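Novice:
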Amino acid sequence: SQTIHQWPATLVQPVGSPLSLECTVEGTSNPNLYWYRQAAGRGLQLLFYSVGIGQISSEVPQNLSASRPQDRQFILSSKKLLLSDSGFYLCALGLDAYEQYFGPGTRLTVT
Amino acid sequence: GEDVEQSLFLSVREGDSSVINCTYTDSSSTYLYWYKQEPGAGLQLLTYIFSNMDMKQDQRLTVLLNKKDKHLSLRIADTQTGDSAIYFCAERTSGNTPLVFGKGTRLSVIA
Numbered sequence: 015s016q017t018i019h020q021w022p023a024t025l026v027q028p029v030g031s032p033l034s035l036e037c038t039v040e041g042t043s044n045p046n047l048y049w050y051r052q053a054a055g056r057g058l059q060l061l062f063y064s065v066g067i068g069q070i071s072s073e074v075p076q077n078l079s080a081s082r083p084q085d086r087q088f089i090l091s092s093k094k095l096l097l098s099d100s101g102f103y104l105c106a107l108g109l110d111a112y113e114q115y116f117g118p119g120t121r122l123t124v125t
Numbered sequence: 161g162e163d164v165e166q167s168l169f170l171s172v173r174e175g176d177s178s179v180i181n182c183t184y185t186d187s188s189s190t191y192l193y194w195y196k197q198e199p200g201a202g203l204q205l206l207t208y209i210f211s212n213m214d215m216k217q218d219q220r221l222t223v224l225l226n227k228k229d230k231h232l233s234l235r236i237a238d239t240q241t242g243d244s245a246i247y248f249c250a251e252r253t254s255g256n257t258p259l260v261f262g263k264g265t266r267l268s269v270i271a
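Those sequence lines, one after another, are chains A and B.
Counting the first sequence from 1 gives a position; this note's numbering is that position plus 14.
Counting the second sequence from 1 gives a position; this note's numbering is that position plus 160.
1) When you check each C-beta in the stretch 188–216 of chain B against every C-beta of chain A, which residues fall closer than 7 angstroms?
2) Applying a beta-carbon distance threshold of less than 9 angstroms, which residues of chain A neighbour Asn256(B)?
3) Nearest to Gln69(A) by CA position, among Ala53(A), Leu47(A), Gly117(A), is which residue?
4) Could you name the residues of chain B that Phe116(A) contacts, counting a contact when the two beta carbons are closer than 7 angstroms?
5) Using a C-beta to C-beta distance shorter than 9 angstroms, which residues of chain B count as neighbours of Arg56(A)?
6) With DSSP as the reference, please indicate the residues paired to Leu170(B) in a beta bridge.
7) With 8 angstroms as the threshold, decide whether the Cβ of Gly101(A) is near any Cβ in chain B.
8) For a test of the three-state rule: what should DSSP assign to Leu109(A), helix, strand or coil?
9) With a CB to CB cut of under 7 angstroms and the five nearest residues on each side skipped, what residues in its chain are close to Ala271(B)?
10) Return the chain-ordered list of same chain residues with a C-beta closer than 6 angstroms to the C-beta of Asp99(A), the five sequence neighbours on each side being excluded.
11) Along chain A, which residues have their Cβ under 7 angstroms away from the Cβ of Leu259(B)?
Written out as structure tokens, the structure reads:
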């Protein structure tokens, strides 16, 4: 069965600092991968999704970017964090046509 | 555009049934999902239903779909304190399109 790892689990960063969040998956190949953000008290916002290596679709224009250097690795980055970037970042894996599974998440606090 | 609506809060007594409701606007929605999120955790896929189905039952969970009214519900029988969580409704039109999520319903179970 598939496993989704997210690193780190928790992160506190100052405004203006760079960001790199990593998502790696096991137990599957050529998955669709997604990055979501969940702000406090709000629903899920889709940030990026990828259907293959080097293929990234951006849903929301902002100071974040994503990359997929390997089939099972999805990275979320920023050059300069804003306070509004605080939130719970979730990586998700799309299997076949129906099922989508989520990783454990990374809680980011920008101070 | 696509939209998924849920009530934000629901409170029930332990042992009673819980019914969480969801409405969606996209008539071409093909797959509809329920996810559960416990505090500080990622989203857990509970169940999903295809648009050509009216009902799906899995142990204590029953999903009802009224495609005409674009209404989806999740019934939890014999609700337990461990069912306290946020429940998200989601839909997608095809296997390659990202899920569209509601804002989540926070279920509180009173002992």
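In this text, a Cβ means the ideal position worked out from N, Cα and C, and glycines have one as well.
Keep in mind that this is a model prediction, so the values were computed, not measured.
Specialist: Taking the coordinates as given:
1) So the close ones are Tyr191, Ala201, Gly202, Leu203, Leu205, Tyr208.
2) In the second sequence, the residue the question calls residue 256(B) occupies position 96. For Asn256(B), the chain A residues whose C-beta falls within less than 9 angstroms of its own C-beta are Asn46, Val65, Gly108, Ala111, listed in chain order.
3) For the purposes of this step, residue 69(A) is taken as residue 55 along the first sequence, with counting starting at 1. When each option's Cα is compared against that of Gln69(A), the closest is Leu47(A).
4) As a position in the first sequence, residue 116(A) is number 102, starting the count at 1. Under the 7 angstroms cutoff, chain B gives Gly202, Leu203.
5) One-based indexing of the first sequence puts residue 56(A) at position 42. Chain B residues near Arg56(A): Lys263, Gly264.
6) Within the second sequence, residue 170(B) is the residue found at index 10, counting from 1. In DSSP, Leu170(B) forms a bridge with Leu267(B).
7) Start at 1 with the first residue of the first sequence, and residue 101(A) comes out as number 87. Taking Cβ atoms only, chain B never reaches closer than 8 angstroms to Gly101(A), which makes this a no.
8) Along the first sequence, one-based indexing puts residue 109(A) at 95. Residue state, collapsed to three classes: strand.
9) The residue labelled residue 271(B) in the question sits at position 111 within the second sequence. The beta carbon of Ala271(B) sits closer than 7 angstroms to the beta carbons of Glu174, Thr241 from its chain, once the five residues preceding and following it are set aside; these are given in chain order.
10) Numbered from 1 along the first sequence, position 85 holds the residue referred to as residue 99(A). Excluding sequence neighbours, Asp99(A) sits near Val124.
11) Taking the first residue of the second sequence as 1, we reach residue 259(B) at position 99. Correct list: Gln114.
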